[in-house]
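Report on the following structure.
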Amino acid sequence: MAVAESSFDLLTQPWVAVRDDDGVHELSLIDTFARAHELTGLAGELATQDLAVLRLLLVILRRTMGSVRGDGEAIDRWAEWWQAESLPTPQIDAYLAGCSERFDLLHPTTPFMQVAGLEAGKTSGLVKLIGDVPDGHRYFTLRSGAGLRSLSYAEAARWVVHCQAFDPSGIKSGALDDGRTKGGRGYPIGTGWTGRCGLVVMEGANLKETLLLNLRLDPDDAPEDRPVWEREIPTETPDPMHVVAAGPCDLMTWPIRRIRLIHNGSEVTDAIIANGTPVQWHNQHRLETMTAWRRSSGQEKKHGVPAYMPHEHDANRSFWRGLQSLMVTGGERRTTSNDAEQSLPPRTLDWIATLQADDALDVDHPTRMRAIGMVYGSNSSVVASVVDDALQLRLSVLTDSDLEAEVVAALRAADEGVQALANLAANLARASGALPEEDREAARAQGYYGLDQGFRRWVSTLSTRSDPTERRTAWQSYVHHTLGAMGDALVTASGDQVWRGRLVTQTKGGERLVNAPVAHLWFTGTLRSVLPAANQVQPSDRTTPESADV
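Mapping the sequence shown onto this note's numbering, position 84 (from 1) lands on 75, and the numbers just tick up by one.
This is the structure we're talking about:
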């Protein structure tokens, strides 16, 4: 039976999941912008979904702002929005009205981020659309049974945005009119662009602040940089004239998939998800603003020029341990052999430093820096996990060279202290006659875990008004106390054989006795060496793990 023509206007119908003082609600796009100064933030099913929707909102703001002539105008216009109580809704509404037809989720010819009339040999099922349900491992969500048989239009809209950003690679339903389809299948072309990036979001006191802190304005934006809803209606096959993103708006809405939602007039019951337009992975650092970058020797050999790839978050490593890669001043990023930088910070942080230098933004403005990313498995064909970590800090930590030096020194102190603990565990294992690696890695993990909350507290206290000597002493004292206690516990738990020890072959040749007292002596000596500021503090005055003022 044919379904009557339906409509779900994303501009006026509630679908964006938001949070305010009263809880979680759904708002239309227009209302989300109008109330952004009242909203705490987005509140979708997954952190990655919120990020995908946030980037959609950012593209709309960039297009509303229009072109700017020179850095001065870019800063002035940004500052005008920042200082206002609310976002300029008349301008935003006017922009959206000009492309309103493309924001209907169920439009018969131009459905939002979809292809009308898309057909395939078989449908994909909602399980492929919902990003938090990995095949065979439904542990991200409570969805099961009926929860996977249908979606409200609002839910489906959020998952369409998420799919274009984060969809895994792997075999897709083969679009019937796509020449790439073989045997009814679409073979892998990669994940969504955003899924390849370890994204960094600067969160403010409300959604308005969050949007503006992540809104970089560039006077040199290409006029061809348009989002997918301003481009020609997509077809089953990629446009051969549009194979490289023209700018940030183009890249952040890149149609990596061809999608069609199937509905019964009241809810979405199925979907077709086919391959879309492949995306170029390397050297997008001038377009993508929210991720750090790393030099890729493999890509450089392939293309013959310095090549940068997006930094990806490590699900097994706390966000703070890689904080140095986000520092704007980046004094340690250059190589000794050439002038090309080994890593680059997110361009939003460069922009924030520019705003601070022009007094458009307080250098010590508080923010919650959030790391969000998708981790894939099995050749990027399934979702393995979602990274969502955050640090409370002031923006000056990322943009002030003196504070950067303090943070870099603190990270080095943590790394060297943890290495000392790992070496202690390895030496105790050798003294018992066991292989050292398992104990070494267990102690390393324990050490970083023990320092985790302390570092988060410590970095949140830094500002341009901080006393660097006092802050350095506080951190090194904390590290000394925490790791010292862990080392003492390892020694105390050692058996008789470890206390007696055994002769161990040294790296430089010869043998020497290694036992618990010797290993502990080496450990404490190393801590004194790598934590010199802690040596100036009396043992009774050292910062303890229970102290809030790290």
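Where is the CB? At the ideal position from N, CA and C, for every residue including glycine.
Beta-carbon proximity check, Pro218 vs Val7, cutoff 7 Å: In the sequence shown, the residue the question calls residue 218 occupies position 227. In the sequence shown, the residue the question calls residue 7 occupies position 16. Contact: no.
Cα-Cα separation between Ala148 and Leu20, rounded to whole angstroms: By one-based count along the sequence shown, residue 148 stands at place 157. By one-based count along the sequence shown, residue 20 stands at place 29. Between the C-alpha atoms of Ala148 and Leu20 there is a straight-line separation of about 12 Å.
Other residues of its chain near Asp212: CB distance less than 7 Å, five sequence neighbours each side excluded: For the purposes of this step, residue 212 is identified with residue 221 of the sequence shown, where counting begins at 1. Here the set comprises Ser58, Gly238.
Limits of the unbroken beta strand (DSSP E) element including Thr464: For the purposes of this step, residue 464 is taken as the residue at position 473 of the sequence shown. Following the DSSP letters along the chain, one finds Thr464 in no beta strand (DSSP E) but inside the alpha helix (DSSP H) bounded by residues 459 to 483.
Cβ-based neighbour list, Ala420, same chain, cut-off 6 Å, excluding 5 preceding and 5 following: Taking the sequence shown and counting its residues from 1, the one referred to as residue 420 is at position 429. Once the five neighbours on either side are set aside, the close Cβ partners of Ala420 are Pro427, Asp430.
Classification of Lys199 by the beta-carbon crowding that lies within 10 angstroms, buried from 16 upward: For the purposes of this step, residue 199 is taken as the residue at position 208 of the sequence shown. Buried.
Sequence-distant residues of the same chain with beta carbon closer than 6 Å to Leu208, five excluded per side: The residue labelled residue 208 in the question sits at position 217 within the sequence shown. Contacts found: Val59, Ala65, Trp69.
Closest by C-alpha distance to Gln315, when choosing among Asn307, Ala306, His302: Mapped onto the sequence shown, residue 315 falls at position 324. For Gln315, the nearest C-alpha among the options comes from His302.
DSSP state of Ala524 mapped onto helix, strand, coil: If you number the sequence shown from 1, residue 524 lands on position 533. In this structure, Ala524 counts as helix in the three-state DSSP scheme.
Limits of the alpha helix (DSSP H) - the one that Leu504 falls within: As a position in the sequence shown, residue 504 is number 513, starting the count at 1. Bounds of any alpha helix (DSSP H) do not take in Leu504; it lies within the beta strand (DSSP E) bounded by 502 to 505.
Which listed residue (Gly424, Ala27, Leu402, Gly364) has its alpha carbon closest to that of Pro159: For the purposes of this step, residue 159 is taken as the residue at position 168 of the sequence shown. Ranking Gly424, Ala27, Leu402, Gly364 by Cα distance to Pro159 puts Gly364 first.
Contact between the stretch 461 to 475 and the stretch 517 to 529 (3+ Cβ pairs under 8 Å): Cβ pair count under 8 Å is three or more, so yes.
CB-CB length for Leu78 against Phe24, believed under 8 Å: The sequence position of residue 78 within the sequence shown is 87, counting from 1. The sequence position of residue 24 within the sequence shown is 33, counting from 1. Their Cβ separation, rounded to whole angstroms, is 5 Å, which keeps Leu78 and Phe24 in contact under 8 Å.
Span separating the alpha-carbon of Ser(-3) from that of Gln105: To locate residue -3, count along the sequence shown from 1; it is residue 6. To locate residue 105, count along the sequence shown from 1; it is residue 114. Their backbone Cα atoms lie some 15 Å apart in a straight line.
Length of the line joining the Cα atoms of Thr320 and Ala34: For the purposes of this step, residue 320 is taken as the residue at position 329 of the sequence shown. For the purposes of this step, residue 34 is taken as the residue at position 43 of the sequence shown. So the two alpha carbons sit approximately 33 Å from each other.
Simplified DSSP assignment, three categories, for Lys292: Numbered from 1 along the sequence shown, position 301 holds the residue referred to as residue 292. Correct three-state label for Lys292: helix.
Length of the line joining the Cα atoms of Arg325 and Glu395: As a working note, residue 325 is residue 334 in the sequence shown. As a working note, residue 395 is residue 404 in the sequence shown. Because Arg325 carries a pLDDT of 46, less than 50, the predicted location of this residue cannot be relied on, and no value is offered for it.
Coarse secondary structure for Trp272, derived from DSSP in three states: As a working mapping, residue 272 is identified with position 281 in the sequence shown. Looking at Trp272 - three-state DSSP - the assignment turns out to be coil, as it is neither helix nor strand.
Runs of alpha helix (DSSP H) lying entirely within the stretch 127 to 199, each at least 4 residues, in chain order: 144 to 157
DSSP-derived helix/strand/coil call for His511: For this step, residue 511 is matched to residue 520 along the sequence shown. In the structure shown, His511 sits in a helix (DSSP, three-state: H, G or I).
Per DSSP, cross-strand counterpart(s) of Ala381: Mapped onto the sequence shown, residue 381 falls at position 390. In the DSSP output, where bridge partners are listed per residue, Ala381 has Arg361.
Val15, buried or exposed, once every other Cβ within 10 Å from all chains shown has been counted against 16: Locating residue 15 in the sequence shown gives position 24, counting from the first residue. Exposed.
Sequence-distant residues of its chain with Cβ nearer than 6 Å to Phe94 (five each side left out): Residue numbering aside, residue 94 sits at position 103 when the sequence shown is read from its first letter. Excluding positions up to five away in sequence, the list reads Leu1, Leu2, Phe103.
Residues bridged to Asp261 (per DSSP): By 1-based counting over the sequence shown, the position of residue 261 is 270. Ile253, per the DSSP bridge assignment.
Those residues which DSSP pairs with Leu335 across a bridge: The residue labelled residue 335 in the question sits at position 344 within the sequence shown. Bridge partners of Leu335: Trp284.
Where Gly108 falls, given that 16 or more other Cβ within 10 Å makes a residue buried: Your numbering for residue 108 matches position 117 in the sequence shown. Gly108 should be labelled exposed.
Residue environment, Gln444, which counts as buried when at least 16 other CB atoms sit within 10 Å: In the sequence shown, residue 444 corresponds to position 453, counting from 1. So Gln444 counts as exposed.
Residue of Asp479, Val450, Ala404 minimising C-alpha distance to Leu546: Lying before the first or after the last residue shown, residue 546 is absent from the chain, which here runs from -8 to 541.
Range covered by the alpha helix (DSSP H) that runs through Asp406: For this step, residue 406 is matched to residue 415 along the sequence shown. Here the alpha helix (DSSP H) through Asp406 covers 392 to 423.
Close-in-space but distant-in-sequence residues of the same chain around Glu502 (CB under 6 Å, 5 per side omitted): Mapped onto the sequence shown, residue 502 falls at position 511. Setting aside the 5 residues that flank it on each side, Glu502 is surrounded in the same chain by Leu494, Thr496, each with a C-beta closer than 6 Å to its C-beta; the list follows chain order.
Cβ neighbour criterion (16 or more within 10 Å) applied to Ile162: Reading the sequence shown from its first residue, position 171 is the one you call residue 162. By the 10 Å Cβ count, Ile162 comes out exposed.
Assumed close pair Glu291, Ala298 - CB separation to whole angstroms, cut-off 8 Å: In the sequence shown, residue 291 corresponds to position 300, counting from 1. In the sequence shown, residue 298 corresponds to position 307, counting from 1. About 5 Å; that satisfies the 8 Å criterion.
C-beta contact flag for Ala145 and Glu17 at 7 Å: What you label residue 145 is simply residue 154 of the sequence shown in a count that begins at 1. What you label residue 17 is simply residue 26 of the sequence shown in a count that begins at 1. Yes, the pair counts as a contact, with Cβ atoms nearer than the cut-off.
Ala484 beta carbon less than 7 Å from that of Asn418: Residue mapping note: residue 418 aligns to position 427 of the sequence shown, counting from 1. Residue mapping note: residue 484 aligns to position 493 of the sequence shown, counting from 1. It is not a contact, given that the beta carbons lie outside the stated cut-off.
Nearest-angstrom beta carbon gap, Gly122 and Leu37 [assumed within contact, 8 Å]: Position 46 of the sequence shown, counting from 1, holds the residue named residue 37. Position 131 of the sequence shown, counting from 1, holds the residue named residue 122. Indeed, because the Cβ distance is near 6 Å, the residues count as touching under 8 Å.
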